[in-house]
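So the structure is just underneath, and the comments pick up after that.
There are 2 protein chains.
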Amino acid sequence: MKRTLSALCKNEPGVLAKMALECEKYDANILSLAAGETENPKVSRIVLCVDGNDEAIDEVERYLDSLDVVIQIDDLSRKDFVDRELVMIKVGMDREQTGQLMQIFEVFRANVVGMGQKTITVELSGDQERVDGLIKMLIPYGIKSMCRSGMIALKRGDE
Amino acid sequence: MKRTLSALCKNEPGVLAKMALECEKYDANILSLAAGETENPKVSRIVLCVDGNDEAIDEVERYLDSLDVVIQIDDLSRKDFVDRELVMIKVGMDREQTGQLMQIFEVFRANVVGMGQKTITVELSGDQERVDGLIKMLIPYGIKSMCRSGMIALKRGDE
């Protein structure tokens, strides 16, 4: 099963390696990971989407929670979160298809960030459904390269 | 010095852990990391922003390049790339400030993704300068929580 964990960690060397090794130990496959700064320069947030059996992921979560460097860990599937992902896609384009592609970009509110002779590059941020939707629509045109950020998330409401 | 490396890797367990351990070995501090899917389900792209002395990072780059699981590695500071980052920010808000905040969001083209009694949550995707700019503007209002995806990047042009 796919699950997404969000960990607030102290900015110390070796945190990422520990997390990755632990996931490997339990055969939990890391599908995506986003590690970045937070409002506090001493703290970073690591959001990881893992695939594996439920008990293994529970084990990973418990282990991470037990680490001194981990301040807080949340299972994003269990709580109320706003989640977003960023994707950049370079898609093949010939002149006849430009109009069709532009319509797709407009529907998904994707922004053009670059253009070549034979390709056009767009970015989109949205929930996973929207990102997956755009990718599906662009596959027939030929996706030349793609880069996804992995999911990031914040709790809903004031908390 | 800050440098950003982008690695195309085979989807095999342990890649992330190897990378993270290697960076630690050379005292190259990982500032952010984004690992996600690409157009090829067997391949993922890992973009990492590291801080450390130049020779250490060169060493890390050479080591990563020597790994079987690493297909290609690029130094984003050396080539022509479009880079983007996604950020979500929950910022404090009282009624009198709503108008000012909305103006800032409009200037930066940040999207409101949630609202509570005392806070408002926005997302923004852009280059690091724009993301840092928005954060700077919002600090006086009180940033309650923040999550950054780390940089993602694709080569400019058709390549």
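Top to bottom, those sequences are chains A and B.
Sequential numbering of the first sequence, starting at 5, is according to this note's numbering.
Sequential numbering of the second sequence, starting at 5, is according to this note's numbering.
Beta carbons are placed, not taken as given, at the ideal position from N, Cα and C, and that holds for glycine.
Under 7 Å by beta carbon: chain A residues contacting residue i
i, result
"D162(B)", "G120, Q121, K122 and T123"
Under 9 Å by beta carbon: chain B residues contacting residue i
i, result
"P45(A)", "Ordered by position in chain B, no residue passes the 9 Å Cβ test against P45(A), which lies about 11 Å from the chain."
"G103(A)", "Going along chain B, no residue has its Cβ under 9 Å from G103(A), so there is no contact; the nearest lies around 20 Å."
The ligand FMN heavy atom lying under 6 Å from the CB of residue i
i, result
"N115(B)", "The ligand FMN is not part of the structure shown, which contains no ligands of any sort."
Boundaries (first-last residue) of the beta strand (DSSP E) holding residue i
i, result
"K122(B)", "No beta strand (DSSP E) holds K122(B); DSSP gives it neither H nor E."
"G146(B)", "No beta strand (DSSP E) holds G146(B); DSSP gives it neither H nor E."
"E89(B)", "F85 to G96"
"R7(A)", "K6 to K14"
Under 8 Å from the C-beta of residue i: neighbouring residues of chain B
i, result
"Q71(A)", "In the sequence as presented, Gln is not what sits at residue 71(A); that position holds Leu. Here the premise fails: no neighbours, minimum Cβ distance about 14 Å."
"P144(A)", "Near P144(A) there are no residues of chain B at all, since even the closest Cβ is about 13 Å away, more than 8 Å."
C-alpha distance - residue i paired with residue j, whole-angstrom precision
i, j, result
"I170(B)", "K14(A)", "Chain B is shown only over 5 to 163; residue 170(B) falls outside these bounds and no answer can be derived."
"R113(A)", "M119(B)", "21 Å"
"V111(B)", "D131(B)", "15 Å"
"K46(A)", "K148(B)", "15 Å"
"T123(A)", "R160(B)", "10 Å"
"M155(A)", "D98(A)", "32 Å"
"E41(A)", "L105(A)", "35 Å"
"K140(B)", "E89(B)", "16 Å"
"L68(B)", "E26(B)", "8 Å"
"G18(B)", "R49(B)", "14 Å"
"V116(B)", "V51(B)", "27 Å"
"E28(B)", "G96(B)", "36 Å"
"D136(A)", "M5(A)", "18 Å"
"S129(B)", "R152(B)", "10 Å"
"A32(B)", "V64(A)", "26 Å"
"S10(B)", "K83(B)", "11 Å"
"D58(A)", "Q121(A)", "47 Å"
"V1(B)", "D87(A)", "Residue 1(B) lies beyond the residue range present for chain B, which begins at 5 and ends at 163; the question has no answer from this structure."
"V75(A)", "S81(A)", "Checking the sequence shown, residue 75(A) turns out to be Ile, not Val. So the alpha carbons of these two residues sit roughly 19 Å apart."
"L138(A)", "V54(A)", "23 Å"
"L35(A)", "G56(A)", "10 Å"
"D62(B)", "S70(A)", "34 Å"
"N44(B)", "R7(A)", "22 Å"
"E163(A)", "M92(B)", "14 Å"
"L20(A)", "Y145(A)", "37 Å"
"Q107(A)", "A38(B)", "29 Å"
"F85(A)", "E16(B)", "29 Å"
"D79(B)", "A157(A)", "28 Å"
"M150(A)", "Q101(A)", "20 Å"
"Y94(A)", "I77(B)", "The sequence given here has Lys at residue 94(A), not Tyr. Approximately 18 Å, taken between the alpha carbons."
"M23(B)", "E133(B)", "27 Å"
Span of the alpha helix (DSSP H) around residue i
i, result
"R134(A)", "Q132 to L142"
"E110(A)", "T102 to F112"
Contacts that residue i makes with chain A (C-beta to C-beta distance below 9 Å)
i, result
"E65(B)", "Correct list: empty, because the minimum Cβ distance to chain A is about 17 Å."
Neighbouring residues, chain A, relative to residue i (Cβ below 8 Å)
i, result
"T42(B)", "S149, M150, C151 and R152"
Amino acids of chain B, ordered along the chain, whose beta-carbon sits closer than 7 Å to that of residue i
i, result
"R49(A)", "C151"
Under 7 Å (Cβ pairs) to chain B, residues found in the stretch 76 to 99 of chain A: V86, R88, L90, M92 and K94
At 4 residues or longer, what runs of the alpha helix (DSSP H) sit wholly inside the stretch 24 to 82 of chain B? 58 to 70
Quick one: which residues of the stretch 107 to 137 of chain B get their C-beta closer than 7 Å to a C-beta of chain A? List them in chain order. V117, G118, G120, Q121, K122, T123, T125, E127 and S129
For the stretch 146 to 161 of chain B, enumerate the residues whose C-beta is nearer than 8 Å to any C-beta of chain A, in chain order. Result list: I147, K148, S149, M150, C151, R152, S153, G154, I156, A157, L158, K159, R160 and G161.
Output, in sequence order along the chain, the residues in the stretch 12 to 41 of chain A whose CB is closer than 7 Å to any CB in chain B. P17, G18, L20, A21, A24, L25, E28, N33, I34, S36, L37, A38, A39, G40 and E41
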